[in-house]
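Colleague:
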Amino acid sequence: MAKLTPRDQDYSKWYNEIVVEADLAQHSDVKGCMVIKPYGFAIWERMKDVLDGMFKETGHVNAYFPLFIPKSYLSKEAAHVEGFAKECAVVTHYRLKNDPDGQGVVVDPDAKLEEELIVRPTSETIIWKTYKNWIQSYRDLPLLVNQWANVVRWEMRTRLFLRTAEFLWQEGHTAHATREEAIAEAEKMLHVYADFAEGWMAMPVVRGIKSESERFAGADDTFCIEALMQDGKALQAGTSHFLGQNFAKAFDVTYATKEGTQEHVWATSWGVSTRLMGALIMTHSDDKGLVLPPKLAPIEAVIVPIQKGGEANEVVNGACQKLHDDLKAVGLRVKLDDDDTKRSGWKFAEYELKGVPVRLAIGPRDAENGTVEVARRDTGEKAFIPADQIVAHVQGLLTEMQDALFNAAKDRMTTSTREVNTWEEFTAGLEEGGFLSAHWDGTAETEERIKKETKATIRCLPLDGDTTPGTCIRTGNPSARRVLFARAY
RNA sequence: CGGGACAUGGCCCAGUUGGUAAGGCGCCUGGUUUGGGACCAGGAGAUCGCAGGUUCGAGUCCUGCUGUCCCGACCA
């Protein structure tokens, strides 16, 4: 197993290598698409399970809508069309036939669809078309539905997890009687995402609102959580959209009020995707491999027996098995790796690469002394702990590591977030990376100009940001408040 | 979609003026080993990305295509 390229040498290369070497995912034979391998999928499943629970706690239910969307649906909402018309996979035929001139199959030209089907890039249109029939009365509201699905966006340049042509995500689609209620919903889900990112992924985020040009196509407002990766680049980790009445009007979804009038409903949609896997990797991992926050690690602790041959083997195996059973009994996700075809040194390196938070080793010496060697992944520290204290020790260690990872990432984000007041400070700050809090005159022209000149984009207008007026760093025009700039993934 | 590089067993890669593919990792068998990615011996595994062309002969030269990576454009 080759060593990973160090982060300070080539961060991008390090990322690509870690995804493959830690057995998270690989490129598939289909351009831009990935195979998520069992270990990577186990992490995604944990994220999914936790998020699904959070959605249900906030009153949402799951449903499933079709993969295919009739082409005409995508023409209904003007801004949505503009944003999504391109880069979609289109189904034009429904049958293959044997190639009359050779081997294999060809598309049967007689099987052309009357109306092409689009592989969903997002499901607003088909869901709102369906909601028209579900919503008649104020009694049907609010409608709080989520779906776990795959979507396809024909991206030109892809990277495993960060941007793939097909990806897994969840998309919540809600309908409300009032504007205020819909906005409250969009904000609520933003905070659910932020709580998940910080509490489970140990990844601090900035909560904010997108500028108009970065807004979702078809939304009146896009709320977002923005995270900062180790290389100083920002990553949009989740979005929650207030859709106004745009889709209700496009698909003619109205409800009867208590007073008997007909009103268009108000909408939100919100989503996070397998991109969170990329965020997780780039927030904590190091040159030895993945570092996982304990709460999301498929394996919280791994036990490695150290065999020296002879009769001691059985004693060691017995001690390891007991340790495994004790940890499992308190609900820990623990693995005993008693594969005797791999050496212990190989296993140590392997589990470090895979980011298992705690490694426990027992050899003949430990079996004799009644101790366990405990190594933590984040700091690499090792200690010998009496076997009768090990369960409590491991539980405490996992909690401590979860907090330590968050605090380290939080410190990094805090020190990498700086106020700049001049164009010189701004351009210099960009070279160092991180978030730059700066004044902007509020126009899309200036935003575009800054993006062209520096590749920096407005990540968001932070919800708790500085709202004292000032002057724009680029034009010197009046600015209502500071916004957060960064170069982003 | 533009500019560049690359494509050789599962993976990394050598291959000279064109002459029938070498090595490492991994895999299989046996043995010795085992407290930080073991060693020795033997073995299996390749229509050289695809399709044409030049040639007595193509991994090698030419054309087209496909894919991957890097730099742009794009990224809701």
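When we follow my numbering, the leftmost residue of the first sequence carries the number 44, and every step to the right adds one. In this text, a Cβ means the ideal position worked out from N, Cα and C, and glycines have one as well. Keep in mind the model is a prediction, meaning the values are calculated, not measured.
Using only alpha-carbon positions, find the residue among Asp66, Val63, Gln52 and Lys119 that is nearest to aspartate 295.
Modeller: Position 252 of the first sequence, counted from the start, is the residue given in the question as residue 295. The shortest Cα separation from aspartate 295 among Asp66, Val63, Gln52 and Lys119 belongs to Lys119.
Colleague: Could you check what DSSP says for glycine 83 in three-state terms: helix, strand or coil?
Modeller: Taking the first residue of the first sequence as position 1, residue 83 is located at position 40. Glycine 83: helix per DSSP, three-state reduction.
Colleague: Arginine 193 by DSSP, collapsed to three states: which one?
Modeller: Taking the first residue of the first sequence as 1, we reach residue 193 at position 150. Reading off the sequence, residue 193 comes out as asparagine, not arginine. In the structure shown, asparagine 193 sits in a strand (DSSP, three-state: E or B).
Colleague: In angstroms with no decimal places, state the Cα-to-Cα distance between methionine 199 and leucine 67.
Modeller: The count along the first sequence starts at 1 and reaches residue 199 at position 156. The count along the first sequence starts at 1 and reaches residue 67 at position 24. Roughly 22 Å between the two C-alpha positions.
Colleague: Excluding the 5 residues preceding and the 5 following isoleucine 342 in the sequence, name in chain order all residues of the same chain whose CB lies nearer than 6 Å to its CB.
Modeller: On the first sequence, residue 342 is found 299 positions in, with the first residue counted as 1. Closer than 6 Å at the Cβ level, and outside the excluded window around isoleucine 342, lie Arg376, Lys378 and Val399.
Colleague: Answer with buried or exposed for asparagine 289, where buried requires no fewer than 16 other C-beta atoms within 10 angstroms of its C-beta.
Modeller: Here residue 289 refers to the residue found at position 246 when the first sequence is read from its first residue. Under this definition asparagine 289 is a buried residue.
Colleague: Nearest to aspartate 95 by CA position, among Val526, Tyr236 and Ser55, is which residue?
Modeller: Mapped onto the first sequence, residue 95 falls at position 52. For aspartate 95, the nearest C-alpha among the options comes from Tyr236.
Colleague: Of the choices Gly406, Met444, His234 and Ala262, whose alpha-carbon is the least far from that of valine 249?
Modeller: Within the first sequence, numbered from 1, the residue matching residue 249 stands at position 206. Of Gly406, Met444, His234 and Ala262, the residue nearest in Cα terms is His234.
Colleague: Within its chain, find whatever has a CB closer than 8 Å to the CB of leucine 117; leave out the 5 residues flanking it on each side and keep chain order.
Modeller: Looking up residue 117 in the first sequence gives position 74. Within the same chain, leucine 117 has close Cβ partners His123, Val124, Phe127, Ala128, Cys131, Ile161 and Thr168.
Colleague: Mind checking whether threonine 500 and alanine 452 have CB atoms under 7 Å apart?
Modeller: The sequence position of residue 500 within the first sequence is 457, counting from 1. The sequence position of residue 452 within the first sequence is 409, counting from 1. For threonine 500 and alanine 452, no; Cβs fall outside 7 Å.
Colleague: Which same chain residues end up closer than 7 Å to valine 150 when comparing Cβ atoms and leaving out the 5 residues on each side of it in sequence?
Modeller: Taking the first residue of the first sequence as 1, we reach residue 150 at position 107. His136 and Leu139.
Colleague: Under a three-way DSSP split, which group does histidine 70 fall into?
Modeller: As a working mapping, residue 70 is identified with position 27 in the first sequence. In this structure, histidine 70 counts as strand in the three-state DSSP scheme.
Colleague: From what residue to what residue does the beta strand (DSSP E) around phenylalanine 210 run?
Modeller: Taking the first sequence and counting its residues from 1, the one referred to as residue 210 is at position 167. From DSSP, the beta strand (DSSP E) with phenylalanine 210 extends over 209-219.
Colleague: Go ahead and pull the three-state DSSP assignment for glutamate 281.
Modeller: Residue numbering aside, residue 281 sits at position 238 when the first sequence is read from its first letter. For the record, residue 281 in the displayed sequence is glycine; it is not glutamate. Strand at glycine 281.
Colleague: By DSSP, does asparagine 464 sit in helix, in strand, or in coil?
Modeller: As a working note, residue 464 is residue 421 in the first sequence. In this structure, asparagine 464 counts as coil in the three-state DSSP scheme.
Colleague: Taking all protein chains shown into account, do 16 or more other C-beta atoms lie within 10 angstroms of the C-beta of tyrosine 394, making it buried, or fewer, making it exposed?
Modeller: The residue labelled residue 394 in the question sits at position 351 within the first sequence. Flag for tyrosine 394 reads buried.
Colleague: Can you tell me which of His103, Ile433 and Ile61 puts its alpha carbon nearest to the alpha carbon of arginine 324?
Modeller: By one-based count along the first sequence, residue 324 stands at place 281. Checking the sequence, you will find isoleucine at residue 324 rather than arginine. Closest option to isoleucine 324, Cα to Cα, is Ile61.
Colleague: Measure how close the beta-carbons of isoleucine 178 and valine 347 come, nearest whole angstrom, since I'm counting them as under 8 Å.
Modeller: For this step, residue 178 is matched to residue 135 along the first sequence. For this step, residue 347 is matched to residue 304 along the first sequence. With 8 Å as the limit, isoleucine 178 and valine 347 do not qualify as a contact, their Cβ atoms being about 57 Å apart.
Colleague: In terms of residue numbering, what span does the beta strand (DSSP E) encompassing glycine 314 cover?
Modeller: Here residue 314 corresponds to residue number 271 of the first sequence, with the count starting at 1. That run of the beta strand (DSSP E) goes 309-316.
Colleague: Enumerate in chain order the residues of its own chain whose CB-to-CB distance from alanine 447 is below 7 Å, with the five nearest sequence positions on each side excluded.
Modeller: Counted from its first residue, the first sequence places residue 447 at position 404. Excluding residues within five positions, the ones whose Cβ falls inside 7 Å are Asp421.
Colleague: Closest by CA to alanine 106, which one among Val148, Lys338 and Ser166?
Modeller: Looking up residue 106 in the first sequence gives position 63. The candidate whose alpha carbon is nearest that of alanine 106 is Ser166.
Colleague: Check whether the Cβ atoms of valine 345 and arginine 402 sit closer than 7 Å, and answer yes or no.
Modeller: Position 302 of the first sequence, counted from the first residue, corresponds to residue 345. Position 359 of the first sequence, counted from the first residue, corresponds to residue 402. Yes, these two residues count as a Cβ contact at 7 Å.
Colleague: Use the C-beta contact count for arginine 386: other C-beta atoms within 10 angstroms, 16 or more gives buried, fewer gives exposed.
Modeller: In the first sequence, counting from the first residue as 1, residue 386 sits at position 343. Exposed, because fewer than 16 other Cβ atoms sit within 10 Å of the Cβ of arginine 386.
Colleague: Verify whether the separation of the beta carbon atoms of alanine 229 and serine 283 is less than 7 Å.
Modeller: Against the first sequence, residue 229 aligns to sequence position 186. Against the first sequence, residue 283 aligns to sequence position 240. A contact, by the Cβ cut-off of 7 Å.
Colleague: Just checking my contact of threonine 514 with proline 505 at CB under 8 Å: how many whole Å lie between their CB atoms?
Modeller: If you number the first sequence from 1, residue 514 lands on position 471. If you number the first sequence from 1, residue 505 lands on position 462. With 8 Å as the limit, threonine 514 and proline 505 do not qualify as a contact, their Cβ atoms being about 19 Å apart.
Colleague: Just reading off the beta strand (DSSP E) that proline 407 is part of, what are its end residues?
Modeller: Residue numbering aside, residue 407 sits at position 364 when the first sequence is read from its first letter. Note, proline 407: premise wrong, no beta strand (DSSP E); alpha helix (DSSP H) at 407-412.
Colleague: For valine 188 versus histidine 216, is the C-beta distance shorter than 7 Å?
Modeller: Working through the first sequence from its first residue, we reach residue 188 at position 145. Working through the first sequence from its first residue, we reach residue 216 at position 173. In this structure, histidine 216 lies closer than 7 Å to valine 188 by Cβ.
Colleague: Kindly indicate which residue of Met77, Tyr174 and Val93 has the alpha-carbon position closest to the one of phenylalanine 108.
Modeller: Within the first sequence, residue 108 is the residue found at index 65, counting from 1. For phenylalanine 108, the nearest C-alpha among the options comes from Tyr174.
Colleague: Rounded to the nearest angstrom, how far is the Cβ of lysine 114 from that of glutamate 159, given a contact under 8 Å?
Modeller: Start at 1 with the first residue of the first sequence, and residue 114 comes out as number 71. Start at 1 with the first residue of the first sequence, and residue 159 comes out as number 116. Contact holds; Cβ gap of about 5 Å.
Colleague: According to the Cβ coordinates, are leucine 203 and threonine 317 closer than 7 Å?
Modeller: As a working mapping, residue 203 is identified with position 160 in the first sequence. As a working mapping, residue 317 is identified with position 274 in the first sequence. Contact flag unset, no.
Colleague: Once you ignore the five residues that flank lysine 371 on each side, which residues in its own chain have a CB closer than 8 Å to its CB?
Modeller: What you label residue 371 is simply residue 328 of the first sequence in a count that begins at 1. So the qualifying residues of the chain are Val377.
Colleague: Can you grab the Cα-Cα spacing for the pair methionine 44 / phenylalanine 391, in whole Å?
Modeller: Here residue 44 corresponds to residue number 1 of the first sequence, with the count starting at 1. Here residue 391 corresponds to residue number 348 of the first sequence, with the count starting at 1. For methionine 44, the predicted model reports a pLDDT of 47, less than 50, meaning its position is unreliable; a value from the coordinates is still stated below. C-alpha separation (whole angstroms): 13 Å.
Colleague: Mark proline 164 as exposed unless 16 or more other C-beta atoms lie within 10 angstroms of its C-beta, in which case mark it buried.
Modeller: For the purposes of this step, residue 164 is taken as the residue at position 121 of the first sequence. Label assigned to proline 164: buried.
Colleague: Helix, strand or coil: how does DSSP classify cysteine 131 here?
Modeller: Working through the first sequence from its first residue, we reach residue 131 at position 88. Reduced to three states, the DSSP call for cysteine 131 is coil.
Colleague: Give the single residue among Thr489, Val134, Asn141 and Asp142 whose Cα lies nearest to the Cα of lysine 155.
Modeller: Counting from one through the first sequence, the residue named residue 155 turns up at place 112. Comparing Cα positions, the closest option is Val134.
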